[in-house]
Amino acid sequence: MHWNVFWTEKDIIGDMALWAIGDFHLSLGIGKTMDKFGDLWKNHPEKIRKAFKKRVKPTDTVVITGDHSWGRNTAECMPDFEFIASLPGRKIMIRGNHDLFWDAKRTDRLNKGILGDRFFFLQNNFASYKDYALVGTKGYCFEGRDTLEHFIKIRDREIERLRVSFEMAKEAGYEKFIMFTHYPPTSIGENSSLFTKMAEEYGAEQVVYSHCHGIEHFYDSFQGNVNGIEYRLVSSDYLKFKPAKILD
Ligand SMILES: [Fe+2]
Ligand SMILES: [Fe+2]
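Below you can see the structure in the form of structure tokens.
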């Protein structure tokens, strides 16, 4: 008798979970440690490995919300990719501001290349989890480091990419959405933004983001329920490197 007799598709679906965490800032290839950011970051890849092992099953899905590696190109990032690939679960990647390996205009090339076997790069496309569409893009917020013109240009480009993601999912028949960005959905002090409005327009149930590091930035944007949407920060230092469960 074959094992598959006991392992039906229903069992596998019932035994799934969706997780998120971001900002690993790995440097296994180039040795740029995060130690200067405090004790929490000491040997942090090991903390990530342990937390994944404890929580995430191979049948689970994990959305990793950007700033994956300090490497400046794919070759420099490769040991970090190997590390991430060795963690349990299907991995969906969001582009962070430090992800120099990811040419935003060539996401298709990443998905079709050697890394595409191990990761799904989410931009101008969508992934599915049960009856949910996982949509997302890098996003953007104003941090006082660029001109208003530059901010508007990048933000509008990201809003367009997010709309493409939502629209593709909608066209494929999805009605339930979880939205992922790297940047927080609002700039400091904002009560709404084009990103939060888009989440509301399409009826996203959750908006998941990272990028915010250190206690002084953990509350830069929304957390909890705002206008019926659950906002969640999943930067790895905020989560102490333990992936957050987004859906069962
Ligand atoms: Fe980061
Ligand atoms: Fe970032």
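Quick note on the working numbering: the sequence shown kicks off at 3 and runs consecutively.
By construction, the Cβ of each residue, glycine as well, lies at the ideal position given by its N, Cα and C atoms.
Asked	Found
Tell me which same chain residues have a C-beta within less than 6 Å of the C-beta of V7, skipping the five on either side of it?	Because the pLDDT at V7 is just 43, under 50, the model does not fix this residue reliably, and the value given afterwards should be weighed accordingly. Here the set comprises nothing.
On the three-state DSSP scale, how would you describe E203?	helix
Within the same chain, show all residues whose beta-carbon is closer than 6 Å to that of M95, passing over the 5 residues directly before and after it, in chain order.	I66, F121 and F123
Whole beta strand (DSSP E) runs in the stretch 155-189 with 3 or more residues, listed along the chain?	178-183
Can you give the beta carbon distance from K247 to A19, rounded, assuming they're within the 8 Å contact cut?	6 Å
Could you check whether F179 and V137 sit closer than 7 Å to each other, using their CB atoms as the reference points?	yes
Is D45 a contact residue of ligand 2, with contact defined as CB to any heavy atom under 6 Å?	What sits at residue 45 in the sequence shown is Asn, not Asp. Outside the cutoff, so no.
Within this structure, are the beta carbons of L102 and R74 separated by less than 7 Å?	yes
Which stretch, first to last residue, makes up the beta strand (DSSP E) that contains E232?	I231 to L235
By Cβ distance below 8 Å, which residues in the same chain neighbour P186 in space, the five residues on each side in sequence not counted?	G141, C143, Y211, H213, C214, D222, S223, F224 and L235
Report whether the distance from the Cβ of D69 to the nearest heavy atom of ligand 1 is below 6 Å.	yes
When you compare only the Cα positions, how much space is there between K59 and D158?	37 Å
Check the C-beta distance from W72 over to H100 and give it rounded, since I have them as a contact under 8 Å.	7 Å
Taking only three categories from DSSP, how would you classify F39?	helix
Please report the straight-line C-alpha distance between N127 and G216, rounded to a whole angstrom.	31 Å
Any heavy atom of ligand 1 closer than 6 Å to the CB of D37?	no
Using three-state DSSP, classify T139 as helix, strand or coil.	strand
Rounded to the nearest angstrom, what separates K93 and M181 at their Cα positions?	16 Å
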